[in-house]
Each structure stands twice: as C-alpha cells, then as structure tokens.
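Enquirer: Take this structure first; my questions come after.
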Amino acid sequence: MPNYDTNAPSFMNNSNLDIGSLNCRSLYKQSSPETGSDFIRYLRSLHLDLLCVQESHAVSAIQEQLNLQLQASSTIWTPHCGIISFNPLLTLHRLDIELDEHIIACQVSHANALFVPFTLVNIYAPAQYNSRVTFFREILSMPFFNFDNMRLRDPMTSPAQQQDMDPSTINSMVILGGFNYHATKYIDEPEIPQTDQSISDYSGSDIHRLFHRSINSYFFECTHMPAKMALCYQLSAAIHHNLLLITYMLLLSYINTCIHLILCSCPPYGQIMPCYTPNSYSHPIAKARVCGALIPIYQPILTSLNNCVQNSILSLIAFP
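full-length UniProt numbering applies: residue 1 is where the sequence shown begins, and numbers increase by one.
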C-alpha cells in the first residue's frame, strides 16, 4: 500500500488556494473498500484547499462516511457531484441553484478575510447527448448565470460604467466540472498561433487549440509519472479542457463586464500562457492557484470572442 503524506498542512495566513477538479468515477468503492480508502488517502495527500468532484455517487447514506474518510472541514454533496473543503478557515455557503443535482454553487469566504469571497460552481453534465443538450440549455437560461444577476457590489452601476470599473468591485465566479465533451474531435487543426500575441487576436477555436494541444499527446507520460504529479496533471488537463467551454457558456451573459477564471500562472493580462511540454513537468499548470484575488480576463477580450461563439454555443458544447 502506498505511503501518502496525509498530515494536515498549515492553512494559517495563507492567501493562496489550491483547487482541484476531478471526475472520480465514484469515491465509494463498494466492491473494493481497500481501493476506495487508498484513493481517498491519496486525495488528502495532495493538500488541496478545495476539491470539486464529479460522478461521485455520494448518495445520502454514505455522505457522512465520506466526510470522515476525507477528514474534510466542510462538504456539499449531491449524488452526482460534490465540493470538498479541507481548509478549516474556509466557509462554504451553499447557494440555491440545482439542476437535477448535477450542479452545485456556493460562496467561498475566508475566516481571516484574506481574499474577497467568490462563487464556486461545480458542474457534472449528463453523458447522453439529448440530456446534455437540455442540460446546457437550462443552465444558459438560469437567472444565476445572466448578466443582470451578476453580483455587483453596487447594483446601480450602469453597463457603461461597468466597462471601466475595477474588477475587484465584481464578485468573482469560478466554474469547474466535467462537461462530457471533447472539443478536439470537432475543431480543425491549422497552425498553432504564437503565444506572444494578444489573446484578443485569436478566434475561439485558435484559443482552444492552444490550450489543448499538449493534453492528448502527453496524457500517457503524465499518467505514468510519480503518483502525485500524475493526478495533478490530470486535474490541470481537466481545468484546461473546461476553460473554453466555460468561456462559451458565460460569454453572452457577461459580455459587458469581466469574468474571473482560475488559470494557473499568470502572464501579463491579455497574453496567452503556453501549455506544458514533455520537458517542463514542473510547470505551475500542475495546480490551479488562486493568489489572493482571482485572475481577471477583461471585457475587450470577451468582446473579441463574441462573434465566434454567439450563434454556435449549444452546437459546440453538445456534439453527439
């Protein structure tokens, strides 16, 4: 049995958040309890602050058992997904948003106010095509994701003022999850653009190729690396896999403001960060790190993406 370091880390005075997202294909391994326990110890050994899981199979009868095994500070569960906090200084306030128990939203705050509270959303989309199309249609119609319901600290701010406002005046939203969608199967493969260009110069498909070009090629190497690094890279792959879809889903609702997404290491705003390569396994993409305030992507960048997605959001996120 592997020996994992599951000693609780010190969370005091640490404004950085390590957040992971993983389709775990059931946390509760009924047919192999030892395997399930070992898997949970491994997740604890990553010393994440927050972990979003999909396909958790966490029915009510086993949720308390999972909480004990995970030694979690707080959790939010549905049978399909969950948000787990390992950091006792974080408070998860569940928001009233549900869609067939496939989506969880909560506000995350810090006991010492080391960062501004933000909204964390965990989504697990149905695997079946028809169900997935319906699911995303319903998500896009939810008031929670509409621009008018963006949680501005000053609700009287006009759209014109919002374009020039400080991003810190907008509550951040981070969306993670499993979307059961593989865009690389449906997007052509022209030459990859240079990474020193502005992100606003690219179409949505260009950005997708840039962020995804390494994931499939190096997945084998990543999964055969030492245990901790392997899962970290799978988590990072999941984050990049979801990045473009998240932009597509929310672009129309938030086009006149800024949206906050978790990336991993921030180049100058508006510049594209290159993916990891086989010779750079130590790249900070291994974990999504939120340093105090979340990384803003400003309105002009979103505006430049609007034309390429406005008429094809649902077709892009729901291919059979």
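No residue lacks a Cβ here, since even glycine has one placed at the ideal position from N, Cα and C. Since the structure is predicted, the reported quantities are computational estimates derived from the model, not experimental observations.
So with Cβ pairs under 7 Å, would you call threonine 75 a contact of chain D?
Expert: The question asks about chain D, but that chain is absent: this structure has only one protein chain.
Enquirer: Sort Met142, Leu51, Gln65 and Ala58 by Cα distance to leucine 90 and report the nearest one.
Expert: In the sequence shown, counting from the first residue as 1, residue 90 sits at position 90. Looking at the Cα atoms, Leu51 is the closest of the given residues.
Enquirer: Note down the Cα distance separating aspartate 38 from proline 126, rounded to an integer number of angstroms.
Expert: For the purposes of this step, residue 38 is taken as residue 38 along the sequence shown, with counting starting at 1. For the purposes of this step, residue 126 is taken as residue 126 along the sequence shown, with counting starting at 1. About 28 Å.
Enquirer: Taking DSSP's pairing of strands, which residues face histidine 93 in a bridge?
Expert: Counting from one through the sequence shown, the residue named residue 93 turns up at place 93. Gln107, per the DSSP bridge assignment.
Enquirer: Is phenylalanine 145 close to the ligand HEM? I mean its beta-carbon at under 6 Å from any heavy atom of the ligand.
Expert: What this structure holds is no ligand at all, so the ligand HEM is not there to describe.
Enquirer: Taking its Cβ as the centre, do 16 or more other Cβ atoms sit within 10 Å of asparagine 16, making it buried, or is it exposed?
Expert: Here the question's residue 16 lines up with position 16 in the sequence shown. It counts as exposed.
Enquirer: Quickly, what does DSSP pair phenylalanine 118 with across the bridge? List them, please.
Expert: Within the sequence shown, numbered from 1, the residue matching residue 118 stands at position 118. Answer by DSSP bridge pairing, in chain order: Val108.
Enquirer: Taking 7 Å as the cut-off, decide whether the C-beta atoms of leucine 70 and isoleucine 97 are in contact.
Expert: Numbered from its first residue, the sequence shown carries residue 70 at position 70. Numbered from its first residue, the sequence shown carries residue 97 at position 97. Not a contact, by the Cβ cut-off of 7 Å.
Enquirer: If we call anything under 7 Å between Cβ atoms a contact, is leucine 27 one with serine 56?
Expert: By 1-based counting over the sequence shown, the position of residue 27 is 27. By 1-based counting over the sequence shown, the position of residue 56 is 56. In contact: leucine 27 and serine 56 (Cβ atoms closer than 7 Å).
Enquirer: Need the endpoints of the alpha helix (DSSP H) that valine 59 sits in, please.
Expert: The residue labelled residue 59 in the question sits at position 59 within the sequence shown. It is not in any alpha helix (DSSP H) - valine 59 carries neither H nor E in the DSSP assignment.
Enquirer: Give me, in chain order, the residues of the same chain whose beta-carbon lies closer than 7 Å to that of threonine 35; leave out the 5 immediate sequence neighbours on both sides.
Expert: As a first step, residue 35 is located in the sequence shown; it is residue number 35 there, counting from the start. These residues qualify, in order along the chain: Lys29.
Enquirer: Which residues does DSSP list as the beta-bridge partners of cysteine 81?
Expert: Counting from one through the sequence shown, the residue named residue 81 turns up at place 81. Looking at the DSSP assignment, cysteine 81 forms a beta bridge with Gln54.
Enquirer: Which residue from Arg132, Asn130 and Val108 puts its Cα closest to that of valine 121?
Expert: Against the sequence shown, residue 121 aligns to sequence position 121. For valine 121, the nearest C-alpha among the options comes from Val108.
Enquirer: Do you know offhand how far proline 117's Cα is from serine 31's?
Expert: As a first step, residue 117 must be located in the sequence shown, where it is residue number 117. As a first step, residue 31 must be located in the sequence shown, where it is residue number 31. Cα to Cα, the separation comes out at about 40 Å.
Enquirer: Since asparagine 23 sits in a beta bridge, which residues does DSSP pair it with?
Expert: Start at 1 with the first residue of the sequence shown, and residue 23 comes out as number 23. Asparagine 23 pairs with Gln54.
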